Amino acid sequence: MVSVTLSENATTETKFKYGFELKEHAPADPTSNQALVKIQAAALNHRDVWILKGMYPGIKMGSIIGSDAVAYIIKNGTDELPVGQRVLLNPGSGWISDERGPENIFGILGLLPFAGTLTEEPIAMDHDELIACPQHLSTSEAAALPLAGLTAYRAVFTKALVKKDEFVLVTGIGGGVALAALQFAVAVGAHVYVTSSSREKIKKAIELGAKGGVNYKDENCIAELKKLLGNNQLSAIIDGAGGPLYNVYPKLMRTGGIIANYGQTASVKGVGFSMAHVLKNIDVRGSTMGSRNEFKEMVKFVDHYKIKPVVSHVWDGLNSKTIDQSIAMMSNGDQFGKLVIQISNYSNGSPKL
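Take the sequence shown: its letter number 35 is residue 43 in this note's numbering, and every next letter is one higher.
Below you can see the structure in the form of structure tokens.
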């Protein structure tokens, strides 16, 4: 059994700073407050690419990469989560319930000293960081949910306070977080608009419940969005891009509107904040992943509304080919939805035939 292990030996084809090796590791030995879980499927995140590019803090060689997974408990179950239970893994640790931020040093699966999910080996997880997987989710949908779902849930509800009948903009539709934000806001009855550089992605977003969308590369995109909104104003913007559009967002927003920002992929120069924001009492709120409480609330929310994460591609098996292909697609950014690798056919304590 092998794991995708971070290595200093990058291949010349990828142009990344680091590479990976498929290596065997010593079996995990769970403590009394941990369960041993067998990964069924794992999903990639942009974080995995940033690690390979050397653009992420705290990189340690020998880490097993991967932060998202659905798994089965194979040892040390509890009354609530017995052996054979299908579970989702909270990708974060050190953050229990404080809405302001982590109470302790925050860590994420996929970098030492924490386990990673791109592995055939069972891994040890604290019982408190596991939750039963909603039954309506397929294996790939379940693997796609944790990190993107948690990030979107905190941005949409804890930070942006989105409610029924409010008008919301979700930028950069196509990535896992943006799609989850769209689905979550639509589920509570908000009117959601999107941006993308792809007409096809905007079309797919409308099929998921968006009211409309604009191409953010079009110099008239703000005017076009204003036309779509009519006499309505945005209560919230859920944004993972940053960039120069922050300077004109106040034209679209109601007094007291909120911008929840979970990333700044459009520019390293930060975002604009001017007197236009101040005079309209607009808040710009940073948002990263979320607490254990928010993770469990998010999973219950998904279960209640029977939301299914959007999955772009699924690969079968953990090997060099599937890892190379999935990381290349993630790096290119062409996907609409999450990228998932099926690792094991393990199900309810026995392999599927």
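From the three backbone atoms N, C-alpha and C, an ideal C-beta is built for every residue, glycine too.
As the structure is a computational prediction, the values presented were derived from the model and not from experiment.
If you check the beta carbons only, do Arg300 and Ile104 fall under 7 Å apart?
Yes; because the gap between Cβ atoms is below 7 Å, this pair is in contact.
Could you say which of Lys346, Ala336, Gly74 lies nearest to Thr19 if we only look at CA atoms?
Of Lys346, Ala336, Gly74, the residue nearest in Cα terms is Ala336.
Please report the distance separating the alpha-carbon of Leu177 from that of Ala50.
In a straight line, the C-alpha of Leu177 is about 29 Å away from that of Ala50.
Can you check which of these residues, Thr179, Gly62, Val196, is closest to Phe309 by C-alpha distance?
Of Thr179, Gly62, Val196, the residue nearest in Cα terms is Val196.
Nearest-angstrom Cα distance between Leu233 and Lys225?
Going from the Cα of Leu233 to the Cα of Lys225 covers about 13 Å.
Report the CB separation of Ile315 from Ile290 in whole angstroms; it is logged as a contact under 8 Å.
About 29 Å; that fails the 8 Å criterion.
Report the residue from Gln333, Leu216, Leu236 whose alpha carbon sits nearest the alpha carbon of Val318.
Measuring from the Cα of Val318, the nearest candidate turns out to be Leu216.
Cβ atoms of Gln350 and Asp332: under 7 Å apart, would you say?
For Asp332 and Gln350, no; Cβs fall outside 7 Å.
Can you tell me the Cβ-Cβ gap for Pro35 and Lys83, rounded? I've got them flagged as a contact below 8 Å.
Actually they do not touch by this definition, with Cβ atoms about 11 Å apart.
Does the Cβ of Ala218 lie closer than 6 Å to at least one heavy atom of the ligand NAP?
For the structure depicted, the ligand NAP is absent and the ligand set is empty, with no information on it obtainable.
Tell me the DSSP bridge mates of Tyr80?
Paired residue(s): Lys46, Arg94.
What separation, rounded to the nearest whole angstrom, lies between the Cα atoms of Pro359 and Met133?
Note on Pro359: pLDDT 38, under 50, position unreliable in the model; the coordinate value appears next. Cα-Cα distance, rounded: 21 Å.
So, are the CB atoms of Val12 and Phe24 less than 7 Å apart?
No, Cβ-Cβ distance for Val12 and Phe24 is not below 7 Å.
Is the beta carbon of Gly265 sitting closer than 7 Å to the one on Leu242?
It is a contact, given that the beta carbons lie within the stated cut-off.
Would Ala244 pass as a contact of Val170 if the rule is Cβ separation under 7 Å?
Yes, Cβ-Cβ distance for Ala244 and Val170 is below 7 Å.
Can you check which of these residues, Gly294, Ser40, Ile47, is closest to Met9 by C-alpha distance?
Checking every option, the nearest Cα to that of Met9 belongs to Ile47.
With which residues is Gly183 paired in a DSSP beta bridge?
DSSP lists Ile181 as partners of Gly183.
For the alpha helix (DSSP H) that contains Ser320, what are its first and last residues?
Looking at the DSSP string, Ser320 is not in any alpha helix (DSSP H); the run it does join, the beta strand (DSSP E), is 319-324.
Since Lys248 contacts Gly180 with CB under 8 Å, what's their CB separation in whole angstroms?
Contrary to the premise, residue 248 reads as Gly rather than Lys in this sequence. With a Cβ gap of about 6 Å, Gly248 and Gly180 count as contacting.
Counting Cβ pairs, one atom from each stretch, are 3 or more of them under 8 Å apart for the stretch 63-82 and the stretch 91-105?
The stretch 63-82 vs the stretch 91-105: in contact.
Can you give the Cα-Cα distance for Met261 and Gln343, rounded to whole angstroms?
Going from the Cα of Met261 to the Cα of Gln343 covers about 30 Å.
Report yes if the CB atom of Ala198 is closer than 7 Å to the CB atom of Glu174, and no otherwise.
The answer is yes: Cβ separation under 7 Å.
Nearest-angstrom Cα distance between Ile72 and Gly100?
In a straight line, the C-alpha of Ile72 is about 15 Å away from that of Gly100.
What's the call for Leu14, buried or exposed, on a 16-neighbour Cβ count within 10 Å?
Label assigned to Leu14: buried.
Quick one: residues in its chain with C-beta nearer than 6 Å to the C-beta of Pro7, no 5 flanking neighbours on either side, listed in chain order?
Because the chain spans 9 through 361 in this model, residue 7 falls outside it and cannot be assessed.
Are the beta-carbon atoms of Val185 and Ala160 separated by less than 7 Å?
It is a contact, given that the beta carbons lie within the stated cut-off.
Which residue or residues does DSSP assign as beta-bridge partners of Glu199?
Checking the displayed sequence, the identity of residue 199 turns out to be His instead of Glu. According to DSSP, which records beta bridges pairwise, His199 is partnered with Phe175.
Please report the distance separating the alpha-carbon of Ser295 from that of Phe114.
Roughly 14 Å separates the two Cα atoms.
For Pro142, which residues of its own chain have a beta-carbon under 7 Å away from its beta-carbon, when the five flanking residues on both sides are left out?
Answer for Pro142: Val307, Val310, Asp311, listed in chain order.
Please return the same chain residues whose Cβ sits closer than 7 Å to the Cβ of Leu347, not counting the five positions on each side in sequence.
Excluding positions up to five away in sequence, the list reads Ala51, Leu52, Ser320, His321, Ser334, Met337, Met338.
Going by the beta-carbon positions, is the gap between Thr125 and Gly74 smaller than 7 Å?
Contact: yes.
Tell me whether Ala193 is buried or exposed, calling it buried when 16 or more other Cβ atoms sit within 10 Å of its Cβ.
Buried.
Under 7 Å between the Cβ atoms of Glu32 and Met69?
No.
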